[in-house]
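Accompanying notes for the structure given below.
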Amino acid sequence: MTAPIRAVAFGGGVQSTALLVLAATGKINFPTFLFANTGRDSEDPATLEYLQRYAKPYAAAHGIELHELHRTRRDGTIETLWGRLTREGARSLPIPVRMSNGAPGTRSCTADFKIKVLGKWLKQHGASRDRPATVGIGISLDEIERVNRRQAMPYEIPVYPLLDHDPPLRRHDCAGIIARAKLPVPPKSACWFCPLKTPRGWGEMRRDRPSLFHSACDLETLLNARRSTLGRDPVWLTRYNRPLAEAIPEAQQTLPGLDLEPGDGLCDNSSCFT
31 MTAPIRAVAF
41 GGGVQSTALL
51 VLAATGKINF
61 PTFLFANTGR
71 DSEDPATLEY
81 LQRYAKPYAA
91 AHGIELHELH
101 RTRRDGTIET
111 LWGRLTREGA
121 RSLPIPVRMS
131 NGAPGTRSCT
141 ADFKIKVLGK
151 WLKQHGASRD
161 RPATVGIGIS
171 LDEIERVNRR
181 QAMPYEIPVY
191 PLLDHDPPLR
201 RHDCAGIIAR
211 AKLPVPPKSA
221 CWFCPLKTPR
231 GWGEMRRDRP
241 SLFHSACDLE
251 TLLNARRSTL
261 GRDPVWLTRY
271 NRPLAEAIPE
281 AQQTLPGLDL
291 EPGDGLCDNS
301 SCFT
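Under my numbering, the residues of the sequence shown are numbered 31 to 304, in order.
Here you go:
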């Protein structure tokens with residue numbers, strides 16, 4: 031009988047890339063890394079570029095299996111988060127938009143496109159309630175509060191190698207581990223249109239990647255056109271209760287509160303933004 035699975039939920043960001051380096055250098059025992067791709071039209075292009083250019087070659091060179099997974103329909107086709115959002119006639123909002131009263135909307139994107147996708151692979155490869163997989167999660171000491179927000183699935187035992195490290199590692203420690211491996215430090219990973227992006231993150235996108243920013247504005251417009259037809263209040267991609275193009279200033283301008291707020295920009299199930 032094969033040993034139970036030991037895999038890292040790989041998000042493509044700083045913390046999970048540090049785990050990749052630690053596994054490659056024998057510091058932690060995780061031979062498998064699983065990247066649940068929400069879609070080539072959905073994940074941040076910079077994350078996908080880093081995955082192909084650096085993470086996959088580095089993993090292969092060190093005997094680590096790095097699997098890129100997708101959400102597949104029963105007919106075998108791939109469903110993407112962007113496709114679900116923009117599908118003609120779609121009414122659901124699976125991303126955590128801000129409602130007009132300022133409250134965050136419901137979120138099913140991470141469950142459907144991250145957790146369930148990883149879970150399907152784990153179960154297909156032998157994980158079960160009786161033989162749960164050990165799943166490494168890239169939470170560092172400076173975001174330890176996220177540990178209690180993640181509910182374990184019946185087929186897994188979540189562990190936190192960055193916290194178990196002696197001493198526990200912070201995000202800047204993770205960046206140092208990556209740099210010492212002679213890899214560039216990856217950008218923060220997330221879907222490029224995610225409403226959990228910080229105002230600073232939106233501002234940097236508007237300045238450095240204007241076409242992507244305007245695509246996010248177009249998405250917000252599309253969602254609200256549909257909601258207007260249904261007689262529903264508008265929703266927003268920021269907390270400012272107005273269109274993204276108005277909420278985020280032009281490059282070189284400033285906006286009060288543009289800096290990161292506590293808890294802003296984090297995916298609380300530990301599968302994103304790591």
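For each residue, glycine too, the CB sits at the ideal point set by N, CA and C.
Same chain, Cβ closer than 6 Å to Val38, five either side skipped, listed in chain order: The beta carbon of Val38 lies closer than 6 Å to those of Leu49, Phe60, Phe63 and Gly166 in the same chain, with the five residues before and after it left out.
Length of the line joining the Cα atoms of Gln45 and Glu276: 33 Å
Residue range of the beta strand (DSSP E) that includes Glu280: Premise fails: Glu280 is in no beta strand (DSSP E) and is neither H nor E.
contact_flag[the segment 73-91, the segment 203-218] where n(CB pairs < 8 Å) is 3 or more: A contact exists between the segment 73-91 and the segment 203-218.
Straight-line gap, Pro197 to Ile125 (C-alpha atoms, nearest Å): Between the alpha carbons of Pro197 and Ile125 lies a gap of roughly 36 Å.
Whole-Å CB distance - Pro65 paired with His97, under 8 Å assumed: Looking at the sequence provided, one finds Phe at residue 65 rather than Pro. That pair is a contact at about 7 Å.
Simplified DSSP assignment, three categories, for Cys221: Under the three-state reduction of DSSP output, Cys221 falls in the strand class.
Residue environment, Asp238, which counts as buried when at least 16 other CB atoms sit within 10 Å: exposed
Nonlocal neighbours in the same chain, by C-beta distance under 8 Å from Asp248, ignoring five residues either side: none
Pro87, buried or exposed, once every other Cβ within 10 Å from all chains shown has been counted against 16: exposed
Beta-carbon spacing of Arg161, Pro264 below 8 Å: no
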